[in-house]
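Each remark here refers to the structure printed beneath this line.
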Amino acid sequence: MVPPGTIDVHAHHFPRDAPPSDVMAAFPRAPRLVVDSPATGRLVRGTDDFRTVRRALWDVQARLEDMDRAGVAIQAISPVPVTLEYDAPAAPFASYCRWINESVARAVQDGGGRLVGVGTVPLGSPRECLSELHHLSADLGLRAVEIGTRIGGMELDDPALEYFFDAADSLGLAVLVHPVDGGGGAVRRSGFTYDFGLGMPSDTALAATALVFGGVLDRHRGLRIALVHGCGTFPWAYPRLRLGAQIAGTHLPEELDHLVSRLYADTLVFDPAHLPVLVHRFGVDRILLGSDHPFISGQPEAGLEELLSASADLPPGAVPRILRDNALEFLGLSSGELVTDHSSPTKEDHYGTH
Numbered sequence: 104m105v106p107p108g109t110i111d112v113h114a115h116h117f118p119r120d121a122p123p124s125d126v127m128a129a130f131p132r133a134p135r136l137v138v139d140s141p142a143t144g145r146l147v148r149g150t151d152d153f154r155t156v157r158r159a160l161w162d163v164q165a166r167l168e169d170m171d172r173a174g175v176a177i178q179a180i181s182p183v184p185v186t187l188e189y190d191a192p193a194a195p196f197a198s199y200c201r202w203i204n205e206s207v208a209r210a211v212q213d214g215g216g217r218l219v220g221v222g223t224v225p226l227g228s229p230r231e232c233l234s235e236l237h238h239l240s241a242d243l244g245l246r247a248v249e250i251g252t253r254i255g256g257m258e259l260d261d262p263a264l265e266y267f268f269d270a271a272d273s274l275g276l277a278v279l280v281h282p283v284d285g286g287g288g289a290v291r292r293s294g295f296t297y298d299f300g301l302g303m304p305s306d307t308a309l310a311a312t313a314l315v316f317g318g319v320l321d322r323h324r325g326l327r328i329a330l331v332h333g334c335g336t337f338p339w340a341y342p343r344l345r346l347g348a349q350i351a352g353t354h355l356p357e358e359l360d361h362l363v364s365r366l367y368a369d370t371l372v373f374d375p376a377h378l379p380v381l382v383h384r385f386g387v388d389r390i391l392l393g394s395d396h397p398f399i400s401g402q403p404e405a406g407l408e409e410l411l412s413a414s415a416d417l418p419p420g421a422v423p424r425i426l427r428d429n430a431l432e433f434l435g436l437s438s439g440e441l442v443t444d445h446s447s448p449t450k451e452d453h454y455g456t457h
């Protein structure tokens, strides 16, 4: 049985309405949604279909019904990774990020206290990025910002991105790092199997390595950063990375261990045997429930079952922390700020204030 108050930190949202016309005129490949039926739609880039999607991606009531079936009380909803178009023209991409963030905020409002907003920013354009960071935090009340594993060809420890981490740290915003679709060229072979199965987790591991070994976490002591998909292959590669740094004389092992213990990772690893490794690597207070809802079939139910089945191999008290307490700390929330029962708003509640 899933404990009450369960929080899923890795779920996605996409706006139902069309992007602003000025965005589409200057950025015609901006991802947009085409609704084909009451149950399904397509994400489209220009004239190309990107993927088929379910109603819960854009419809709050359908999302809440999915959450009820799984026993999830709260979801943090973030933009779909394909929208992290950092090579897009700066001005229309900034407007596109604003459109997405305001849609996330409306979904949070319609969620009756059961949704938490994660926004996006036009990284690569400091002036527009800082403006949007302040808007999503101060004006929209979003609690975190999602970024890709690479920013227009830059790794996350590139000095050109320091302004972003400074601002997120000072604003108290959590940072959710998500791999880019296709894995960002992290593997030699092409095709969905390789891109999804090896590219995305490898890309995530490279991002974690930049954060730890590139000094981002050392320079920003208050920053809260989570990497989805269990931090990719990093939990398994880290001992070899640590040894390599020791041999090269670049880092002391105990310093690296401390930095790694500051990262958060979600539980979306598709194998309960992997979950004790995550707890061993990052600590029991750094693991978060994540589902990728509504993209992966059977989630979040399967992920919850895997976590509960692994509970005997985890430290005492680990499961409640993973299902709720760690998410509150990561998102900078108090339990009193959220609705933690599993009852969805009524249709009148859902539409009555709009």
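According to our numbering, the sequence shown is numbered sequentially starting from 104.
Virtual Cβ for every residue (Gly too), placed ideally from N, Cα, C.
Could you check the C-alpha separation between Ala415 and Val422 for me, to the nearest Å? 10 Å
Rounded to whole angstroms, what's the CA-CA distance from Ile203 to Ala114? Just pull it up for me. 15 Å
Using only the alpha-carbon positions, how far apart do Arg246 and Gly149 sit? 31 Å
Assuming the contact rule is C-beta atoms closer than 8 Å, Phe153 and Phe196 should be a hit. Round their C-beta distance to whole Å, please. The pair is not a contact, with the Cβ atoms about 17 Å apart (cut-off 8 Å).
Which of the three DSSP states, helix, strand or coil, is assigned to Glu188? coil
Return the Cβ separation of Ala193 and Glu231 in integer angstroms, given the expectation that the two are a contact with Cβ distance under 8 Å. 6 Å
Over what stretch of residues does the beta strand (DSSP E) that includes His116 continue unbroken? 110-116
Note the first and the last residue of the continuous beta strand (DSSP E) segment covering Ile399. It is not in any beta strand (DSSP E) - Ile399 carries neither H nor E in the DSSP assignment.
Note down, one range per segment and in chain order, each beta strand (DSSP E) of at least 3 residues found wholly within the segment 127-187. 135-138, 143-148, 151-157, 177-182
With three or more C-beta pairs closer than 8 Å as the rule, is the segment 206-224 touching the segment 168-186? yes
Neighbour-count burial assignment, Thr143, 16 or more Cβ in a 10 Å radius: exposed
Grouping DSSP H, G and I as helix and E and B as strand, with all else coil, what is Val224? coil
May I ask which residues mark the beginning and end of the alpha helix (DSSP H) holding Glu231? 229-237
Under 8 Å by Cβ, that's how I've got Ala329 and Ala277 pegged, so tell me the actual separation to the nearest angstrom. 7 Å
Is it buried or exposed, Ser124, if we count other Cβ atoms within 10 angstroms and call 16 or more buried? exposed
Taking the alpha-carbon of Arg209 as reference, which of Met127, Arg119, Arg132 has the nearest alpha-carbon? Arg119
For Ala263, which residues in the same chain have their Cβ closer than 7 Å to its Cβ, ignoring the five residues on either side in sequence? Met257
Among the candidates Gly333, Val319, Arg322, Ala270, whose CA atom is the shortest distance from the CA of Met303? Gly333
Helix, strand or coil at His354 [DSSP, three-state]: coil
Considering Cα atoms alone, identify which of Pro397, Leu346, Pro375, Val382 is closest to Leu407. Pro375
Measuring CB to CB, does Val112 end up less than 8 Å from Phe433? yes
Straight-line Cα distance separating Leu187 from Thr223: 8 Å
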